[in-house]
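First up is the structure itself, then whatever we jot down about it.
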Amino acid sequence: MFTVQTSSPEETRKIGEAIGRLLAPGDVVGLMGDLGTGKTVFAQGVAKGIGARGPVTSPTFTLIHEHTGRIPLYHVDVYRLRTPADVEAIGIEDYIYGDGIVVLEWADQVLSILPDERLDVMIERQDMSEDDNLRKISISPHGERYRDMLKELKAIACRRD
Ligand SMILES: Nc1ncnc2c1ncn2[C@@H]1O[C@H](COP(=O)(O)OP(=O)(O)OP(=O)(O)O)[C@@H](O)[C@H]1O
Ligand SMILES: [Mg+2]
2 MFTVQTSSPE ETRKIGEAIG RLLAPGDVVG LMGDLGTGKT VFAQGVAKGI
52 GARGPVTSPT FTLIHEHTGR IPLYHVDVYR LRTPADVEAI GIEDYIYGDG
102 IVVLEWADQV LSILPDERLD VMIERQDMSE DDNLRKISIS PHGERYRDML
152 KELKAIACRR D
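The opening position of the sequence shown corresponds to residue 2 in my numbering, with each subsequent residue numbered one higher.
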């Protein structure tokens, strides 16, 4: 696991962007964390890193936003769906096992329908802190491909320091 702390939406976007640059067709990123922690902000960064077109807004009501670009990006929010069966009903598997990149908010609600190989990103508020803008971002790779990706991400992070 790789953990970073951010102190602004811009910083969270930057982490998302660095990951977006490393993503390839077929990749799946599961975003987790409470309401308003920054999942959509993170997805905005990923979209920038991928080179996706169009503004990245919350798909809470629309469930799924498609963005064209170097690689198609499917930005999904399953908050209102709750159960894996509801999510299957919107045809999520076609996206997950397709050639685009899927970034899914509230992934922890539907773990059973997600592929075993994926990148999980958990965003948490730092409740003990005075600063409302602090977030802990924990990135967990599942599978060889994502472990390699994380190594690359760490190398990039080290070069920046
Ligand atoms: N370090 C930070 N990283 C990300 N967002 C931050 C940070 N500090 C403050 N914020 C603010 O937190 C909010 C995050 O909103 P965002 O819509 O991305 O959350 P979300 O997790 O997608 O919420 P929801 O559960 O409703 O989908 C924004 O208002 C953003 O400005
Ligand atoms: Mg959101």
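Where a beta carbon is used, it is the ideal one built from N, C-alpha and C, also for glycine. Fair warning: this is a prediction, and the values are worked out from it, not measured in the lab.
**OP:** Answer with buried or exposed for residue 166, where buried requires no fewer than 16 other C-beta atoms within 10 angstroms of its C-beta.
**Re:** Shown here, the chain extends from 2 to 162; a query on residue 166 therefore has no answer.
**OP:** Starting from residue 163, follow its DSSP beta bridges and name the residues at the other end.
**Re:** Missing from the structure shown is residue 163; the chain here goes from 2 to 162 and no further.
Original post:
In three-state DSSP terms, what is residue 42?
Top reply: helix
**OP:** Answer yes or no: the CB of residue 163 versus the heavy atoms of ligand 2, is any distance below 8 Å?
**Re:** Residue numbering for the chain in the displayed model covers 2 to 162; residue 163 lies beyond these limits and cannot be assessed.
Original post:
Can you name, in chain order, every residue of its own chain whose Cβ lies under 6 Å from the Cβ of residue 17, other than the five neighbours on each side?
Top reply: 43, 46 and 47
Subject >> Three-state secondary structure assigned by DSSP to residue 91 >> reply: The answer is coil: DSSP assigns residue 91 none of H, G, I, E or B.
Original post:
Can the beta-carbon of residue 51 be found closer than 9 Å to that of residue 74?
Top reply: In this structure, residue 74 lies closer than 9 Å to residue 51 by Cβ.
Original post:
Is the CB-CB distance between residue 34 and residue 123 below 9 Å?
Top reply: yes
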